[in-house]
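Residue numbers 4 to 158, in my numbering, belong to the letters of the sequence shown in order. Using N, Cα and C, we set each Cβ at its ideal position, and we do this for glycine too. First comes the structure, then the notes that go with it.
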Amino acid sequence: MKKIMLEFSSRQMEELLRLVYLGDWILNSHKPGNKPSSAVRETEEIVYRAAVECGLGKFIEYEPEHARSYPTAKLDKLCHDDIEKYDALTFFEAFAGMLAERALENKHGVKSLKRMDPDELFVETEQLADELKEKIAEKIPAVLDAVLEKAGVKA
4 MKKIMLEFSS RQMEELLRLV YLGDWILNSH KPGNKPSSAV RETEEIVYRA AVECGLGKFI
64 EYEPEHARSY PTAKLDKLCH DDIEKYDALT FFEAFAGMLA ERALENKHGV KSLKRMDPDE
124 LFVETEQLAD ELKEKIAEKI PAVLDAVLEK AGVKA
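Now the structure itself:
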């Protein structure tokens with residue numbers, strides 16, 4: 004296998020470390036046990052070890068008994084806001100998309116949708132999802148307040 008050498012500044016290496024951490028999280032957080040593939044794990048290990056060599060050991064710890072490097076709580080904290088934003092946006096996008104699909108099924112019928120041109124269906128679904136996102140965004144604060152009130156939590 005051909006090896007490639009790359010040069011990074013400490014800041015670039017920190018950014019690469021964040022990207023690897025976030026990429027792993029997106030790929031594996033939904034899997035049982037959060038277990039990455041061996042190829043992903045091998046690549047992570049290369050980046051994690053390079054980060055330590057680059058002086059970023061505060062973000063990575065090596066556990067000799069497992070012969071593996073792991074992100075520290077500092078790296079978790081560094082990436083936490085990005086993960087929270089991703090989760091919220093992903094949920095919101097998926098929710099609006101599911102509502103749009105259901106509305107189109109009710110409007111056209113499932114059989115008609117199956118016969119519809121895929122590009123037209125995509126455009127109509129996206130347009131409706133965008134409209135629904137706007138309506139949902141307007142209502143979310145009131146809905147959240149009502150849910151919290153029912154749960155006995157003060158907003």
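Own chain residues within Cβ distance below 8 angstroms of residue i, not counting five before or after
{"i": "CYS82", "result": "ARG21, TYR24, LEU25, TRP28"}
CA-to-CA distance, residue j to residue i, given in whole angstroms
{"i": "VAL113", "j": "ALA103", "result": "13 angstroms"}
{"i": "GLU129", "j": "SER12", "result": "41 angstroms"}
{"i": "TYR89", "j": "GLU108", "result": "28 angstroms"}
{"i": "MET119", "j": "ALA106", "result": "15 angstroms"}
{"i": "GLU10", "j": "GLU134", "result": "46 angstroms"}
{"i": "TYR51", "j": "ALA97", "result": "33 angstroms"}
{"i": "ALA154", "j": "SER32", "result": "28 angstroms"}
Coarse secondary structure for residue i, derived from DSSP in three states
{"i": "ILE7", "result": "coil"}
{"i": "PRO74", "result": "strand"}
{"i": "GLU66", "result": "strand"}
{"i": "LYS138", "result": "helix"}
Residues near residue i in its chain [Cβ-Cβ closer than 6 angstroms; skip 5 each side]
{"i": "ALA136", "result": "Sequence check: residue 136 is Lys here, not Ala. Within the same chain, LYS136 has close Cβ partners ALA99."}
Extent of the continuous alpha helix (DSSP H) to which residue i belongs
{"i": "ALA154", "result": "Careful: ALA154 lies outside any alpha helix (DSSP H) and carries neither H nor E."}
{"i": "LYS114", "result": "113-118"}
Residues near residue i in its chain [Cβ-Cβ closer than 7 angstroms; skip 5 each side]
{"i": "GLU17", "result": "LEU59"}
* To do: Go through the stretch 30-59 residue by residue and report every complete run of the beta strand (DSSP E) that reaches 3 residues or more, in order.
  => none
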